[in-house]
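Our numbering applies: residue 1294 is where the sequence shown begins, and numbers increase by one. What follows is a single structure, written as structure tokens, with notes after it.
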Amino acid sequence: MSKSVAVSLSEAAIKRHAGDSAITQLRDTQRPLRFRYRQNRERGSFYVVTRAQGKEHWHKLGNYPDLTVKAVLSVLPNVMQRLAIEPQSGALSTSGWSTVGEVLEWYTHRVAHDGNLSKNRKATARSAVKCQLLPCLGALRLVELNHATLDTKLMWPLQSQYSVAHVRLVFGVLKVAFKQAASLGLIGKNPMADMTFTDFIKTKIKPKDARLRPVDCERLLEHWAARYRHETTAVALAVLMLAHGTRIGETRQAKWRHFDLIGKTWHIPAVDTKTKKAHTLPLTAQVCAFLARYRASQVARGYDGAYLFPGVQGRPFSEMQAQLAFTALSGEQWTSHDLRKTARTAWADLGVDYLIGELLLNHALKALDVTYIHTTAEAQKRQALERWHAWLDERGFAALHSATGATDART
């Protein structure tokens, strides 16, 4: 028959009674602590037991020997204070995890196998966990995670070494990890639920200065027209991004079958978009002409495959290939994202409705916005791009899409 023994809880007491399989539980005589042995008598779990409304409530602190008696006793005052405020808060760790590192390792594995996240998002989360979060917080006990410890061990040290934007990114990864663990019941209470970035750092993050502006378009188009003969693929990638404000990931993976030159639409599948929602863009006469010219260039070079921007082994341009192409084309003076921002700025200058601009960029919209623009959105999107491409024509776009453009040749 199992039994509970009253002891002054210590490492020695746990080891002394481990040999008696009839003893399943140790009760501390001075504190509301319980220790329960597992089937493997060298291991067990610590609990804090409180009473509320005539009922006992058990709150798991962690596992032994991962969590030592000394560590339990050191955090017990904070735990009791927390439970005094929220006596029904439940388990402090229902998964058996006792450290922040265990939550982070679980989250890293989860992110790595999340099919809804892009490679960039996965790499960002993995890097934040490996390079900042685990070194700073990995050994911290879950019951010790609060505003003070987070500020001392992570936020304040990071702000002295990294930009505010990067510190916010790292904080965001940590907050999401704990939110997901709590929502799945892996931890009974989310210690970060009421924490916000501004609790620790008040400095506002300033947007990066624009490296390109609409006034630069004439110079860009002249440069691209001159380079098209030798850097056909890179120029085509840049042209499509500037013309439509698309993301680099959406553009580099484009297939010819996604383009309907008769119906004049470009369909971007959900799997290729950041929002994981399919995106359809109108094609103007200028872009259709440019695509016809570009396709002829590919065929002349002996390529008749599926992709607009073919990479290696039958795949599209990789992210690295696309970035290298832009680095060479721009001379490191601007990035692919600068083209997207320039298009957005120019649309505003041309009087394009804000919501139509957001739709063209494939930004997530609120339900009310979607309802408001649903009936006339497609027509307005086409009108916006026709206005934009006519504006570009006045600044040299015609040299890239007209029949009298520079002679096509190998990239």
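Where is the CB? At the ideal position from N, CA and C, for every residue including glycine.
ask   = Tell me, which residues are paired with Pro-1609 by DSSP?
value = Pro-1603
Q.
Whole angstroms are fine: how far does the CA of Glu-1651 sit from the CA of Arg-1637?
A. 9 Å
Rounded straight-line distance, which links the Cα of Thr-1442 to that of Val-1396:
17 Å
- prompt: What residue range is occupied by the uninterrupted alpha helix (DSSP H) comprising Arg-1512?
  reply: 1510-1520
Answer with buried or exposed for Met-1613, where buried requires no fewer than 16 other C-beta atoms within 10 angstroms of its C-beta.
exposed
**Prompt:** Among residues of its own chain, excluding the 5 on either side of Glu-1679, which ones have a beta-carbon nearer than 6 Å to its beta-carbon?
**Reply:** Thr-1577
CA nearest to the CA of Arg-1324, picked from Leu-1366, Ala-1306, Ala-1618 and Gly-1604: Leu-1366
Sheet register partners of Asp-1553 (DSSP bridge):
Thr-1558
Report the three-state DSSP secondary structure of Tyr-1340 (helix, strand or coil). strand
Under DSSP, the beta strand (DSSP E) around Asn-1439 begins and ends at which residues? No beta strand (DSSP E) contains Asn-1439, which DSSP labels as neither H nor E.
Any beta carbon of chain D sitting closer than 9 Å to that of Ala-1486? This model lacks chain D altogether, as it is built from one protein chain only.
Query - Three or more C-beta pairs below 8 Å linking the region 1509-1518 and the region 1683-1693 - result: yes
Determine the burial state of Asn-1655: buried for a count of at least 16 other Cβ atoms within 10 Å of its Cβ, exposed for fewer. buried
State buried or exposed for Asp-1631, treating a residue as buried only when at least 16 other CB atoms are found within 10 Å of its CB.
buried
Give me whichever residues DSSP pairs with Thr-1392 in a beta bridge.
Arg-1434
Practice item. Specify the secondary structure class of Pro-1484 as computed by DSSP and reduced to three states. Key: coil
Problem set entry | Same chain only: Cβ atoms within 7 Å of Asp-1642, ignoring 5 sequence neighbours per side | Pro-1507
Problem set entry | Between the CA atoms of Lys-1497 and Arg-1414 - distance to the nearest angstrom | 23 Å
Exercise for the section: Could you check what DSSP says for Lys-1296 in three-state terms: helix, strand or coil? Expected result: strand
* Excluding five sequence neighbours on each side, which residues of the same chain lie with their C-beta closer than 6 Å to the C-beta of Phe-1493? -> Asp-1444 and Met-1448
Discussion item. Could you tell me the alpha carbon to alpha carbon distance between Val-1463 and Thr-1573, rounded to whole angstroms?
Written reply: 33 Å
Bounding residues of the beta strand (DSSP E) (the contiguous stretch that carries Asn-1250)
Nothing about residue 1250 can be read from this structure; the chain reaches only from 1294 to 1704.
- Message: Quick check on Leu-1576: does DSSP put it in helix, strand or coil?
- Response: coil
So, do the region 1420-1439 and the region 1355-1371 have three or more beta carbon pairs nearer to each other than 8 Å?
-> yes
Report all residues from its chain with a CB closer than 7 Å to the CB of Gln-1579; omit the five preceding and five following residues, and keep chain order. His-1682, Asp-1686, Phe-1690 and His-1694
Q) Got a sec? Which residues, its chain only, sit under 7 Å from Asp-1313 by beta carbon, not counting five neighbours each side? A) none
Tell me, which residues are paired with Asp-1313 by DSSP? Bridge partners of Asp-1313: none, in fact.
*Would you mind stating whether Leu-1319 and Val-1342 have Cβ atoms separated by less than 9 Å?*
no
Measure the C-alpha to C-alpha separation of Ile-1649 and Ala-1639 and round it to an integer number of angstroms. 13 Å
Give the DSSP-derived three-state secondary structure of Phe-1619 in the structure shown.
helix
Is the number of C-beta pairs between the region 1593-1609 and the region 1547-1554 that are closer than 8 Å three or more?
-> yes
Original post:
Would you say the region 1619-1633 touches the region 1526-1538, given that touching needs at least three Cβ pairs under 8 Å?
Top reply: yes
Q. Secondary structure at Asp-1701, three-state DSSP: helix, strand or coil?
A. For Asp-1701, the predicted model reports a pLDDT of 47, less than 50, meaning its position is unreliable; a value from the coordinates is still stated below. It is coil, neither helix nor strand.
Please report the distance separating the alpha-carbon of Glu-1304 from that of Ile-1316. 16 Å
Worksheet item: What residue from Gln-1606, Ile-1541, Gln-1332 and Arg-1434 has the CA that sits closest to Ala-1364's CA?
Response: Arg-1434
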